[in-house]
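So the sequence shown is residues 3 to 311, counted in the numbering used here.
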Amino acid sequence: MLSRTAENLFWMARYLERAESTARLITMGQRMAVLPGSAYRDEWRSVLRVTDSESFVQPGAPITEEDIARILLLDPENPASIQACLVRARANGRSVRIRLTQEMWEALNMSWRRFEGLSAAEACQELPALIDWVKTRASVFRGAAETGMMRHAGHAFMSIGGALERAQMTLRLLDVKYFVLLPETDVVGGGRDHYQWTSVLHALSGIRAYHHVYGGAYSPAHISDFLMVNRAFPRSVAYCVDQMRWHLERLAEEHGVHADCHETVDEIFELLLEGRDGAIFQRGLHESVQQCLKMTNQLALEIAESYHF
């Protein structure tokens, strides 16, 4: 496979997953913003911070839901915005059109112009419907790929890109919780803390899966374990790393070469295994999240280097 084709498939999947990730971050910010006293805690700034979008607002200025719609939904200059991600996913998909099924291409092609002409005020009014639409389009694309795409190297690169972006999305969602709670350590374990933690599960569609594993008892240690090291939940970091390991091994067998990226993905996996049974929460959730983000960023660079992106 040509390196450019691999790169386009890898980034197409990343951008589509990032669009959905941003939608889920907005959903979580909405849930947290309705809590009493949220205007003083500034949850929306936390969402901008973890998407590296804080530079799109004036320092110290209050942030409204309309600002979020403008910056994270519509702004074509913000690489984390849903509009920008869908446009770039479609551009990458167009470059490898022959590698996609008709249904995959239609899912991409129907998405990229959805937000054209929308003002921030209009997007704010329609925000729940727009968020649901983004998540549905991403699911349609993945379903089309799952049922129709040949399992060749192109599928492996696409799967790795999607899993990498999804792992980072889960890590960023956990970091939103950290940034929101940091100024209010006195409320740890209270009703607001409970609501914030369950908001993380809601944003990742993990409420029922969590109940299946832990029953109805919510605790920060259990939730962080579930989202970081549970290997059965599809949006956990460990599950995504498992997927990357499997597909990278496929590529290694096909090319007959193991590179730095294969060692790094194994290191991430071992780090997560060491954090089971509450160890991640005890040693510091924020520190663990930041370490995993750093290592997944390194992994992305090594994949690009190994396969000549």
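Glycine included, every Cβ here is placed at the ideal spot set by N, Cα and C.
For residue j and residue i, the rounded distance between their alpha carbons
i, j, result
"residue 116", "residue 107", "15 Å"
"residue 294", "residue 304", "15 Å"
"residue 187", "residue 52", "Low confidence applies to residue 187: its pLDDT is 42, below 50, so where it sits in the model is not reliable enough to give any reading."
"residue 82", "residue 75", "9 Å"
"residue 44", "residue 171", "20 Å"
"residue 252", "residue 32", "40 Å"
"residue 301", "residue 266", "6 Å"
"residue 63", "residue 111", "37 Å"
"residue 100", "residue 93", "13 Å"
"residue 80", "residue 21", "12 Å"
"residue 299", "residue 285", "22 Å"
"residue 105", "residue 214", "33 Å"
"residue 124", "residue 118", "12 Å"
"residue 58", "residue 258", "45 Å"
"residue 66", "residue 131", "18 Å"
"residue 218", "residue 95", "42 Å"
"residue 192", "residue 292", "Residue confidence is low: residue 192 scores 49 on pLDDT, short of 50, so the model does not pin down where it sits. No coordinate-derived value is stated."
For residue i, the first and last residue of its enclosing alpha helix (DSSP H)
i, result
"residue 23", "5–35"
"residue 105", "104–111"
"residue 301", "287–308"
"residue 96", "84–97"
"residue 142", "129–150"
"residue 60", "That residue, residue 60, is in no alpha helix (DSSP H); it is neither H nor E in DSSP."
"residue 248", "239–257"
"residue 220", "Residue 220 -> no alpha helix (DSSP H), and no H or E assigned at all."
"residue 275", "262–276"
"residue 47", "45–52"
"residue 69", "67–70"
Cut-off 7 Å between Cβ atoms - residues of its own chain near residue i, not counting five sequence neighbours on either side
i, result
"residue 25", "84, 133, 136 and 137"
"residue 310", "5"
"residue 240", "230, 231, 232, 233 and 274"
"residue 220", "196, 199 and 200"
"residue 235", "208, 211, 228 and 241"
"residue 29", "133 and 205"
Beta-carbon proximity of residue i to residue j, cut-off 9 Å
i, j, result
"residue 7", "residue 97", "yes"
"residue 153", "residue 109", "no"
"residue 158", "residue 287", "no"
"residue 308", "residue 261", "yes"
"residue 129", "residue 113", "no"
"residue 263", "residue 168", "no"
"residue 163", "residue 46", "no"
"residue 222", "residue 143", "no"
"residue 216", "residue 224", "yes"
"residue 102", "residue 151", "yes"
"residue 91", "residue 211", "no"
"residue 280", "residue 290", "no"
"residue 306", "residue 9", "yes"
"residue 271", "residue 247", "yes"
Beta-carbon contacts of residue i that lie in its chain and below 6 Å, excluding the five residues immediately before and after
i, result
"residue 50", "56"
"residue 23", "171"
"residue 17", "87, 90 and 91"
"residue 35", "45"
"residue 226", "282, 283 and 287"
"residue 77", "83"
"residue 296", "none"
Inter-residue CB distance, residue i and residue j (contact presumed, cutoff 8 Å)
i, j, result
"residue 71", "residue 126", "4 Å"
"residue 60", "residue 165", "Actually they do not touch by this definition, with Cβ atoms about 36 Å apart."
"residue 160", "residue 147", "7 Å"
"residue 68", "residue 155", "With 8 Å as the limit, residue 68 and residue 155 do not qualify as a contact, their Cβ atoms being about 44 Å apart."
Close Cβ partners of residue i (< 8 Å) along its chain, the five nearest in sequence each way excluded
i, result
"residue 27", "49, 52, 53, 74, 171, 174, 175, 178 and 205"
"residue 19", "140, 163, 164, 167, 168 and 171"
Residue-chain proximity (residue i, chain C), Cβ-Cβ < 9 Å
i, result
"residue 221", "Within the model displayed, chain C is absent; a lone protein chain is all it includes."
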